[in-house]
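The structure appears right after this line, and notes come after that.
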Amino acid sequence: VEGTPVLGSTSLLREYVFSQPVDMVVFAMPPDQVPGAHELMEAAVELGLRVVVVPDVYLPRMGYELDAPEVALETFAGLPVAAISTVRQSWVYLATKRAADVVVSAVALALLAPVLAVLAALIKLTSPGGPVFFRWHVVGKNKKPFVGYKFRTMSPDAEQRKAELLPQNEMDGPVFKMKRDPRITPLGRWLRRWSLDELPQL
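Quick note on numbering: the sequence shown equals residues 1131 to 1332 in this note's numbering.
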């Protein structure tokens, strides 16, 4: 429509936001003209997404009061809108939270640096031939992926050995899990027991 790709009707909304990285859902027409608009709004808000309603005068009809704590009056694409979100979006809050994250992580890393160095050396000594850190893909906010880091707790050939162990998988679906996974090194088992393998996530 006028150069904008159309994905489908609103019946696809739930499926789409569950399967794609979405930040915001915008109702660009009066919500009372959208089938099931209130339920769709609630589903998006429960997922932590922002819901923007254009124009905002239709919001009370959907069961939201303009002075409710989860509703903020804003400007979107040059239009006055009402934004609904359970996550606070003020720049002061976001800046404060980000500063706290950075400061706490930096202090923790500085204090734990000797421990991290010793653990890294032990991993290299007890399981040579592989990296110290294990890179894994994490699904973050609104399903946006990023790379996370842990201390490696498995043998360097763990991925190659996975195929032969698949019949012993104790989980359904794509997740692989064994109580006594032979690929885990003795040091790795100890690191996992005390969650020390998680420290690099700082």
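Idealized CB from N, CA, C, for every residue including glycine.
In this structure, Ser1215 places its C-beta atom within 8 Å of the C-beta atom of Arg1180. For Ala1212, the three-state secondary structure derived from DSSP is strand.
Across the set Gly1166, Gly1208, Leu1242 and Val1222, the C-alpha of Gly1166 shows the shortest separation from the C-alpha of Arg1144.
Taking 8 Å as the upper bound for CB-CB distance, Phe1281 and Leu1321 are in contact here, some 6 Å apart. Looking only at Pro1330, Trp1324 and Tyr1146, the smallest Cα-Cα distance to Arg1265 is reached by Pro1330.
Under DSSP, the beta-bridge partners assigned to Pro1275 are Val1269. For Ala1238, the three-state secondary structure derived from DSSP is helix. Beyond the five residues adjoining it in sequence on each side, Val1262 comes within less than 8 Å, by CB distance, of Ala1250, Ile1253, Lys1254, Phe1281 and Arg1282 in the same chain, given in chain order. Rounded to the nearest angstrom, the Cβ distance from Gly1259 to Pro1286 is 5 Å, consistent with a contact under 8 Å.
Rounded to the nearest angstrom, the gap between the Cα atoms of Gln1150 and Thr1315 is 36 Å.
In the three-state reduction of the DSSP assignment, Leu1321 falls in the helix class, which pools H, G and I. Proximity to Lys1292 across Pro1275, Phe1276, Lys1309 and Arg1313 peaks at Arg1313, based on C-alpha coordinates. With respect to the C-alpha of Val1156, the residue from Tyr1146, Leu1239 and Val1182 having the closest C-alpha is Val1182. Sixteen is the threshold: when 16 or more other Cβ atoms of the shown chains lie within 10 Å of the Cβ of Met1284, as they do, the residue is buried. In the DSSP annotation of this structure, the continuous segment of the beta strand (DSSP E) that includes Leu1203 starts and ends at Val1201 to Phe1206. Under the three-state reduction of DSSP, Val1248 is assigned to helix. In its chain, beyond the 5 residues on either side, no residue has a beta carbon closer than 8 Å to the beta carbon of Val1232. Sequence-distant partners of Ser1257 (beyond 5 residues in either direction) whose C-beta falls short of 6 Å from its own C-beta, in its chain, are Thr1315. Straight-line spacing of the CA atoms in Val1269 and Val1277 works out to 9 Å.
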